[in-house]
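What follows is a short report on a single structure.
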Amino acid sequence: MTLMAKRILIGVTGGIAAYKTPELVRRLRDQGAEVRVVLTAGGAQFVAPLALQAVAGHPVYTHRFEPAGSGMEHIELARWADAVVIAPASADFLAKLAHGLADDLLSTLCLASATPLWVAPAMNQQMWRATAVQANVATLRARGVGFVGPASGAQACGEVGVGRMSEPGEIVSAVADSFGVPVLAGRRVLITAGPTREAIDPVRYISNRSSGKMGYALAAAAVRGGAQVSLVSGPAALDAPANVKFTRVNTARQMYDAVLAQVGECDIFVAAAAVADYRPAQIATKKIKKNAETLSLSLVRNPDILRVVAARAAPPFCVGFAAETDAVEAHALRKLQDKKLDMIIANAVGEGLHTGFESDQNAVVVVWAEGRREFATMPKTTLAQALMTMIAEHYAAKNPA
């Protein structure tokens with residue numbers, strides 16, 4: 065594979081192996097990649113910014129707030145990159161990543177990025193074997209961070225063992241191979257996200273705690289996977305992901321209409337929205353006054369969007385979501401079978417949980433007719449990437465070329 069037109073952000077942390085990074089940058093550019101470099105204070109002790117600038121062809125970023133910058137470099141760089149590669153990645157920086165610390169430009173943009181993250185560790189062999197370092201490595205691997213190395217051999221300290229940074233050619237190959245042929249190339253994906261709002265009167269409505277973050281992350285992951293993506297979203301305080309066809313709705317009926325208008329043209333339908341099951345039978349034309357001790361609302365069922373789509377004569381590959389407060393997997397399996405879905409993604413919600421609704425983290429179990437797979441707590445952006453890859457694989461198995 066080549067890296068033609070890919071945008072690679074290189075992070076350089078403190079370690080003698082930083083002398084290899086200019087060669088890494090050169091090789092990435094030889095493969096057709098555009099490269100930007102972020103140099104930490106520690107990294108600057110081992111390699112000069114000017115050396116990196118010469119091979120990258122662009123100024124090197126060294127401060128969280130560049131003197132002539134916008135103050136938003138961490139966001140701008142995070143959105144610019146197709147992949148972030150930390151080489152060398154010191155023990156200190158692995159710890160920052162594992163614990164979500166953000167005290168410099170590189171660690172901050174890593175938190176702000178939803179793109180694939182690769183690290184090439186480099187440290188003393190005893191440091192690499194340390195329990196704390198291995199715990200951080202395990203945490204990062206579980207979150208989907210890619211590791212290249214470390215390699216074994218003689219070290220600058222005179223010791224021999226595992227801890228050497230992998231050679232630039234190995235790092236380039238690993239990153240290039242990770243892109244491959246986009247898993248959703250040529251596919252059309254329709255995704256719903258966010259809550260719906262069902263009006264009671266001109267002031268009040270019935271809704272739920274969905275933030276839309278999971279659905280938006282799935283849409284962004286599908287775009288990265290090469291798909292043509294349409295996103296139908298209820299009211300969410302989020303910017304539409306780049307390169308998607310975006311439709312904003314409020315009510316379940318509006319979402320139903322928007323989905324049915326587009327579903328005939330999609331290959332995969334992912335129903336991530338938390339659609340209200342019921343709506344008021346009558347909407348008051350004026351604000352309801354607080355005159356009585358009690359107030360009763362008559363509710364009627366909203367259409368079940370996912371059930372209707374799955375029941376089409378030629379349905380797309382249908383993926384549902386189930387947010388449950390109890391018996392999560394049992395309820396999900398029942399929905400999978402009842403609605404005749406290809407796959408369902410279930411997660412626990414409720415008070416005291418730090419995943420699911422309104423959170424940046426999620427933990428899910430994916431169920432399909434022949435099996436199941438659990439995903440531990442991780443950022444929704446990372447989880448979305450793993451889920452879209454899994455959906456693409458199951459779609460391909462059902463629809464072989």
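Reading the sequence shown from the start, the letters are residues 65 to 465 in our numbering.
Glycine residues also receive a C-beta, built at the ideal position from the N, C-alpha and C atoms.
Assuming residue i contacts residue j under a Cβ cut-off of 8 Å, what Cβ separation, rounded to an integer in Å, is found between them?
{"i": "Arg488", "j": "Ala120", "result": "With the chain covering only 65 through 465, there is no way to say anything about residue 488."}
{"i": "Ser294", "j": "Leu254", "result": "5 Å"}
{"i": "Gly258", "j": "Ala300", "result": "4 Å"}
{"i": "Leu103", "j": "Leu67", "result": "Between Leu67 and Leu103 the Cβ distance is about 21 Å, and since that is not below 8 Å, they are no contact."}
{"i": "Gly289", "j": "Leu248", "result": "4 Å"}
{"i": "Asp168", "j": "Ile72", "result": "So it is not a contact: roughly 20 Å between Cβ atoms."}
{"i": "Ala220", "j": "Gly279", "result": "About 48 Å; that fails the 8 Å criterion."}
{"i": "Ala184", "j": "Ile150", "result": "7 Å"}
{"i": "Ile270", "j": "Ala340", "result": "6 Å"}
{"i": "Ser275", "j": "Phe439", "result": "The Cβ separation is near 19 Å, so there is no contact."}
How would you write the range of the alpha helix (DSSP H) that residue i sits in, first residue to last?
{"i": "Ile235", "result": "Pro232 to Phe243"}
{"i": "Glu457", "result": "Lys444 to Lys462"}
{"i": "Asn200", "result": "Thr195 to Ala206"}
{"i": "Ala257", "result": "That residue, Ala257, is in no alpha helix (DSSP H); its beta strand (DSSP E) goes Arg252 to Ala257."}
{"i": "Thr172", "result": "Leu169 to Ala176"}
{"i": "Lys309", "result": "It is not in any alpha helix (DSSP H) - Lys309 instead sits in the beta strand (DSSP E) that spans Val308 to Arg312."}
{"i": "Pro379", "result": "Per DSSP, Pro379 belongs to no alpha helix (DSSP H) and is neither H nor E."}
{"i": "Met279", "result": "With the sequence shown as reference, residue 279 is identified as Gly, and Met is not the correct amino acid for it. Run containing Gly279: Lys277 to Arg288, per the alpha helix (DSSP H) assignment."}
{"i": "Leu88", "result": "Thr85 to Asp94"}
{"i": "Pro266", "result": "Where Pro266 is concerned, there is no enclosing alpha helix (DSSP H), given that its DSSP letter is neither H nor E."}
{"i": "Val323", "result": "Ala316 to Gln326"}
{"i": "Val119", "result": "Pro113 to Ala120"}
{"i": "Ala396", "result": "Val392 to Asp402"}
Looking only at its chain, what residues have a beta carbon closer than 6 Å to the beta carbon of residue i, apart from the 5 residues adjacent to it on each side?
{"i": "Thr311", "result": "Val296 and Ala322"}
{"i": "Glu457", "result": "none"}
{"i": "Ala132", "result": "Residue confidence is low: Ala132 scores 49 on pLDDT, short of 50, so the model does not pin down where it sits. Its coordinate-derived value is still stated next. Correct list: empty, nothing qualifies."}
{"i": "Gly79", "result": "Pro152, Ser154 and Ala186"}
{"i": "Pro367", "result": "Tyr320"}
{"i": "Gln189", "result": "Glu223, Gly225, Val226 and Gly227"}
{"i": "Asn272", "result": "Pro259 and Ala338"}
{"i": "Ile409", "result": "Phe385, Val428 and Val430"}
{"i": "Ala465", "result": "none"}
{"i": "Ala218", "result": "Val224"}
{"i": "Thr453", "result": "Val247"}
{"i": "Arg437", "result": "Val430"}
{"i": "Ala81", "result": "Pro152, Ala186 and Met229"}
{"i": "Arg90", "result": "Val119"}
{"i": "Asn463", "result": "none"}
Taking 8 Å as the threshold (C-beta atoms), are residue j and residue i in contact?
{"i": "Cys174", "j": "Val148", "result": "yes"}
{"i": "Ala178", "j": "Thr445", "result": "yes"}
{"i": "Ala162", "j": "Asn200", "result": "yes"}
{"i": "Arg205", "j": "Pro443", "result": "no"}
{"i": "Ala448", "j": "Leu282", "result": "yes"}
{"i": "Thr441", "j": "Gly414", "result": "no"}
{"i": "Gln109", "j": "Val236", "result": "no"}
{"i": "Gly75", "j": "Leu158", "result": "no"}
{"i": "Gly106", "j": "Thr126", "result": "no"}
{"i": "Gln117", "j": "Val124", "result": "yes"}
{"i": "Ala238", "j": "Gly210", "result": "yes"}
For the beta strand (DSSP E) containing residue i, name the first residue and the last one.
{"i": "Ile150", "result": "Ala147 to Ala153"}
{"i": "Ile347", "result": "Run containing Ile347: none; DSSP gives neither H nor E here."}
{"i": "Gln425", "result": "Gln425 to Trp432"}
{"i": "Leu73", "result": "Arg71 to Val76"}
{"i": "Val99", "result": "Glu98 to Leu103"}
{"i": "Arg185", "result": "The sequence given here places Pro at residue 185; Arg does not occur at that position. Taken as a continuous stretch (DSSP letters only), the beta strand (DSSP E) holding Pro185 covers Leu181 to Pro185."}
Tell me which same chain residues have a C-beta within less than 8 Å of the C-beta of residue i, skipping the five on either side of it?
{"i": "Ile455", "result": "Ile332, Val334, Phe381, Val383 and Met407"}
{"i": "Val287", "result": "Val293, Pro305, Ala306, Asn307 and Val308"}
{"i": "Val392", "result": "Ala386, Ala410, Asn411, Ala412 and Val429"}
{"i": "Ala467", "result": "The structure shown has nothing for residue 467, since the chain only spans 65 to 465."}
{"i": "Met191", "result": "Ala155, Val197 and Gly227"}
{"i": "Lys399", "result": "Gly384, Ala386, Leu405 and Ile408"}
{"i": "Pro214", "result": "Ala184, Pro185, Ala186, Met187, Trp192, Val226, Gly227, Arg228, Met229 and Ser230"}
{"i": "Glu262", "result": "Tyr269, Ile270, Ser271, Thr315, Ala316, Ala340, Tyr342, Arg343, Pro344 and Asn366"}
{"i": "Trp432", "result": "Leu400, Asp406, Met407, Ile408 and His458"}
Excluding the five sequence neighbours on either side, which residues of its own chain have a C-beta within less than 7 Å of the C-beta of residue i, listed in chain order?
{"i": "Ala460", "result": "none"}
{"i": "Val267", "result": "Lys351"}
{"i": "Glu329", "result": "Arg252"}
{"i": "Val364", "result": "Tyr342, Arg343 and Ala345"}
{"i": "Asp424", "result": "Lys277, Pro443 and Lys444"}
{"i": "Ala450", "result": "Gly208 and Phe439"}
{"i": "Met65", "result": "Confidence in Met65 is poor, its pLDDT being 47 and thus under 50, which makes the residue's placement unreliable; the coordinate value appears in the next sentence. Closer than 7 Å at Cβ, skipping near neighbours: Ala240, Asp241, Phe243 and Gly244."}
Is there at least one Cβ from chain C nearer than 8 Å to residue i's Cβ?
{"i": "Thr445", "result": "Absent from the structure is chain C; it holds one protein chain and no more."}
Checklist entry - Quick check: the stretch 74-85 against the stretch 229-237, are there 3 or more CB pairs under 8 Å? => result Under the 8 Å Cβ criterion, the stretch 74-85 counts as touching the stretch 229-237, having at least three qualifying pairs.
Checklist entry - Does the stretch 237-244 come within contact of the stretch 216-226, defined as at least 3 CB pairs closer than 8 Å? => result Contact between the stretch 237-244 and the stretch 216-226 is absent, because fewer than three Cβ pairs lie under 8 Å.
Checklist entry - Pairing CB atoms from the stretch 363-375 with CB atoms from the stretch 397-404, are three or more of them under 8 Å? => result Judged by Cβ distances under 8 Å, the stretch 363-375 makes contact with the stretch 397-404, as three or more pairs qualify.
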